[in-house]
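Student: The sequence shown lines up with residues 384 to 1124 when you count with the working numbering. Cβ atoms here follow ideal geometry from the backbone N, Cα and C, with glycine treated the same way.
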Amino acid sequence: MSAGYGFFQFRWVVPDSSTMSGTSVQVLFKPPEVLDPNFMMEAITKMLASVLVPDVIIIQAPLDEVTVLKQQFSKLPLQQVRARCQAKRVSLNLVGYGRSGKWEAFHNLECPIPRLKDLLYKHKAEIDSAGLAELFKPADVLVEAPTGFTFVKPSGSRLRYFIRPEEVLTHSENVQFLAYCLLPRVALREAAIRTSLRTIYVDSMAISSVAFALRGMIGSATTADQPRIESFHSHKGLEAMTRPTEGESFCIISASSSMSLERAWMKKAKCTPNEVVTLLTFKEAEDCNQALFRLERPVEDENGSALGPLKDIRIVGERFLPERIGIKKVLLSKTHHDLPLVRDFSEALTTVLLPYRGNGMLRTRPVFVDGGPLVADAKFQEWLRKNLAQRVPVSIQGVVHQDDAASHTLAQICRHILQSEHGVVLPTTPVSAADLHKASIDATKSLLVVAAVVGRGAKVLSISRDLRELHDKGARTYLIGAQLSEFSEQIDSLANNLKFSSSKTNIQVAVYKKLSIGSAAAQSFENETEFLVARQDHLPDRLLGRLEELRNLNIASVDGIFLPSGVNLDKALELRKDFAYWASGKYNPGAHNGVAVFATACALLQNARENSKLDVEQRLSGVSFQQVVLHPENFARYNDGIIQAALLRAAFPSELDYSSDEELSRGMKDFITKVFQSRNRAQGEAALEFALALTTERMKLCPTDWSDVRDTVENLAQDSNELDTALRVMFDLQDTPSSGF
């Protein structure tokens, strides 16, 4: 299961037939990404605090990260983990996996056990299988047809249960673990075929994240050498596709209850079993041993039923949607979707929101709140004074701050206000989180903890965890400037976790502004980067400059978050007056609002997905198997190019997929055609954003409508200016390399 904090964990028990039988082994899988030691400490600490403490802990990490990770365990905070393992006599070990999926390094970090390495290596396949069993729990991946119905699969067979592995691919660590389990299959292909892997095929884009993760683990020296990721769109698409080049592909099939799709692929591609793998099937299915993992077939999974004749639910398309449930179309309106929180946030933080930015952070954020200007803002300081007066006891002994410059400045401001306005005498210097264990803290007197900006709040939670031991009786107040998270539950969870106290200590939490913006906010920029890289030899100068910024994870100007407009691509998209979701007269129109508009769009859509208080018709979610899309009318209603661009990037690709409904697709095609026809005027200023959404398949139309749009661009984009050049390049209307999308 997901252990949270970016790790996947599961338990394996040594079988009776082996030495050390009954020994419990807890595996913590670390994906190939930057490590936050606090996250790992939290994950292992939870293992050690569980009711059934494991005998052995294994940390699985990429081979090239093992040396650094081993060094991390020799210093704080992970040094504390070793001490706790020693106290509980739990063997702590580090294993490094290579690009073939084999374990190529083993280090004992604490409490060695004789012959443990040999035992683990011997049972490596069983350990991986235990992880897959934890990932693919039947309750999570088997969908039962409603009473009185049966599923009719794309292959034509009828079953009461449908396998959907994508249901568990909701956390990146789950995706990465599944990709890791596929590495041995790719290694078998390389050993048998000995030709370069050019394309990774999937039967559905619903599992494309696994293919992308696998590609990253396989590794390549250059972007040009990386295999493309393509979907053949399940059974129907397989019939229509051109046969892949022999010996240059690897195919991942999401699931098949009979393994029929794998056999159909092998027949079409004329390939060997080493070149294709089905992630999930049922035991006893023909060729089931070829699948990555096998489920027990439910006893009642029969064509007949004790309840009488069953009605059909026909599953169609690569997204496996029931044919009988129509697409749900959601039209955003201020009446139903107005969110005061969005308005308050944008008004307060328009001047301190920054665009897509890396800055060495552990996670890339397309919207980044700059804490420096925030803590200096007059309205924020007014809020700060009010909360210091109302929430902080006079017995306060000091101020603790998150480890960043803005939070340090905030701590100094708090100290100054408390001393100058309330006569509270405090130590000269606020205490940073890093120096917390060195500070002299009275466990009974109150503390103020401050942070300028947080996301999920890992750093603040780390402070809270340390204070459990150092400050377990005194009152505590947390003041946070801004919280920008993916989901609303993360906002609620942070406050609840900070307030928790086993000794019932008085703990208060106040956040100036908070907003959840969804999990897809960065995806469009990642897709854009990959798309532009494939065409970099033909891009106009303005887009080459943007590509360089995207590669550096740093869009330099605050008005450059979206693709530019104008014949010379020298105009940033601008927000005009009377944006429905912002208070009229409280913002200055212009391009500088780009990031705030994007954050607003992300928040509006996320609220429409999550808010159970909305009417069913207004929610951006549907019943099981129902596709939900943004109504094309949204782009006509919100006709500023900057708002259209924000919606295109904030929406999930599934919310822009009109390919299964001819009427919706035609309506979207007609609108986009007008945008391209008006590309030199205000009505078409988002032309490049629509072009990018279409050509990266973030937005999908019916094939005929897509062809019509492409023909329109070919007929219109005839000039040599940068705008028309960019459109021709994006639609592959000149000699440009093909995209991997």
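Please report the straight-line C-alpha distance between Asn421 and Ile442, rounded to a whole angstrom.
Tutor: Counting only the Cα atoms, Ile442 lies some 15 angstroms from Asn421.
Student: On the three-state DSSP scale, how would you describe Glu1072?
Tutor: helix
Student: Just to confirm before moving on: does the CB-CB distance between Thr1108 and Pro947 stay below 7 angstroms?
Tutor: no
Student: Relative to the alpha-carbon of Asp1088, which residue among Val1112, Asn1063, Arg1064 and Phe1054 has its alpha-carbon at the smallest distance?
Tutor: Phe1054
Student: Which one or two residues does DSSP pair with Thr582 in a beta bridge?
Tutor: Arg611 and Ser632
Student: Among Gln409, Phe390 and Gly389, whose alpha-carbon lies nearest the alpha-carbon of Val396?
Tutor: Gln409
Student: Give me the residue from Glu629, Ala788, Val524 and Lys653 with the minimum Cα distance to Arg677.
Tutor: Val524
Student: Starting from the C-beta of Leu853, find all residues in its chain whose C-beta is less than 6 angstroms away, skip the five residues before and the five after it, and write them out in chain order.
Tutor: Ile824
Student: Within the continuous alpha helix (DSSP H) that includes Trp766, where are the two ends?
Tutor: Per DSSP, Trp766 belongs to the alpha helix (DSSP H) from Ala761 to Arg774.
Student: Using a 10 Å radius around the Cβ and a threshold of 16 neighbouring Cβ atoms, would you call Asn889 buried or exposed?
Tutor: That one is exposed.
Student: Quick check for students: name the residue ranges of the beta strand (DSSP E) that lie wholly in the region 886 to 961, counting only runs of 3 or more.
Tutor: 890 to 899
Student: Please work out which residues of its chain come closer than 8 angstroms, Cβ to Cβ, to Asn1022, disregarding the five sequence neighbours upstream and downstream, and give them in chain order.
Tutor: Gln1066
Student: Run through DSSP, which three-state label would His791 get?
Tutor: helix
Student: For Ala496, collect the residues of the same chain with a Cβ closer than 6 angstroms to its Cβ; drop the 5 residues on either side in sequence, then sort them by chain order.
Tutor: Looking at the sequence itself, residue 496 is Ile, so the reference to Ala does not match. Counting only Cβ-Cβ distances below 6 angstroms, and skipping sequence neighbours, we find Ser474.
Student: Within a Cβ cutoff of 7 angstroms, which residues of the same chain sit near Ala528, ignoring the five residues on either side of it in sequence?
Tutor: Phe534, Arg543 and Ile696
Student: Of all the beta strand (DSSP E) runs that stay within the bounds of the region 433 to 498, which reach a length of 3 or more residues?
Tutor: 439 to 445, 474 to 480 and 486 to 493
Student: Taking Cβ positions, are Phe794 and Gly754 nearer each other than 7 angstroms?
Tutor: The sequence shown places Ala at residue 794, not Phe. In this structure, Gly754 does not lie closer than 7 angstroms to Ala794 by Cβ.
Student: As a quick exercise: from Ser637, Leu930, Asp920 and Ser632, pick the residue whose alpha carbon is nearest that of Ser617.
Tutor: Ser637
Student: For the ligand NAP, any of its heavy atoms closer than 6 angstroms to the Cβ of Val551?
Tutor: Because no ligand of any kind appears in the structure shown, any question about the ligand NAP cannot be addressed here.
Student: By the three-class DSSP mapping on this structure, what secondary structure does Gly755 have?
Tutor: It is helical.
Student: Verify whether the separation of the beta carbon atoms of Thr664 and Met649 is less than 7 angstroms.
Tutor: no
Student: Roughly how many whole angstroms lie between the Cα atoms of Arg925 and Arg1064?
Tutor: 19 angstroms
Student: Does the region 424 to 439 come within contact of the region 390 to 405, defined as at least 3 CB pairs closer than 8 angstroms?
Tutor: Cβ pair count under 8 angstroms is three or more, so yes.
Student: Taking 8 angstroms as the limit between beta carbons, can you name the residues of its chain near Ile796, skipping five residues before and five after?
Tutor: Val758, Gln764 and Leu767
Student: DSSP three-state call for Arg1126: helix, strand or coil?
Tutor: Past the edges of the chain, shown from 384 to 1124, lies residue 1126, and the structure says nothing about it.
Student: Going straight from the alpha carbon of Ala826 to that of Ser884, what length do you get?
Tutor: 14 angstroms
Student: If I measure Cβ to Cβ from Ser592 and keep anything under 7 angstroms in the same chain, skipping five residues before and after, which residues do I get?
Tutor: Leu552 and Val558
Student: Looking at C-alpha atoms only, which residue of Ile635, Phe1018, Lys453 and Gly709 is the closest neighbour of Ala1034?
Tutor: Phe1018
Student: Could you check if Gly687 is buried or exposed, using at least 16 other CB atoms within 10 Å of its CB as the buried criterion?
Tutor: Bear in mind that a pLDDT of 44 at Gly687, under 50, signals an unreliable position, so the number given afterwards is only what the model happens to contain. Exposed is the call here.
Student: Closer than 8 angstroms is the cut-off here; do at least three beta carbon pairs connect the region 872 to 880 with the region 909 to 918?
Tutor: no
Student: Report, in whole angstroms, the separation of the C-beta atoms of Leu1031 and Ala1076, which I expect to be a contact under 8 angstroms.
Tutor: 5 angstroms
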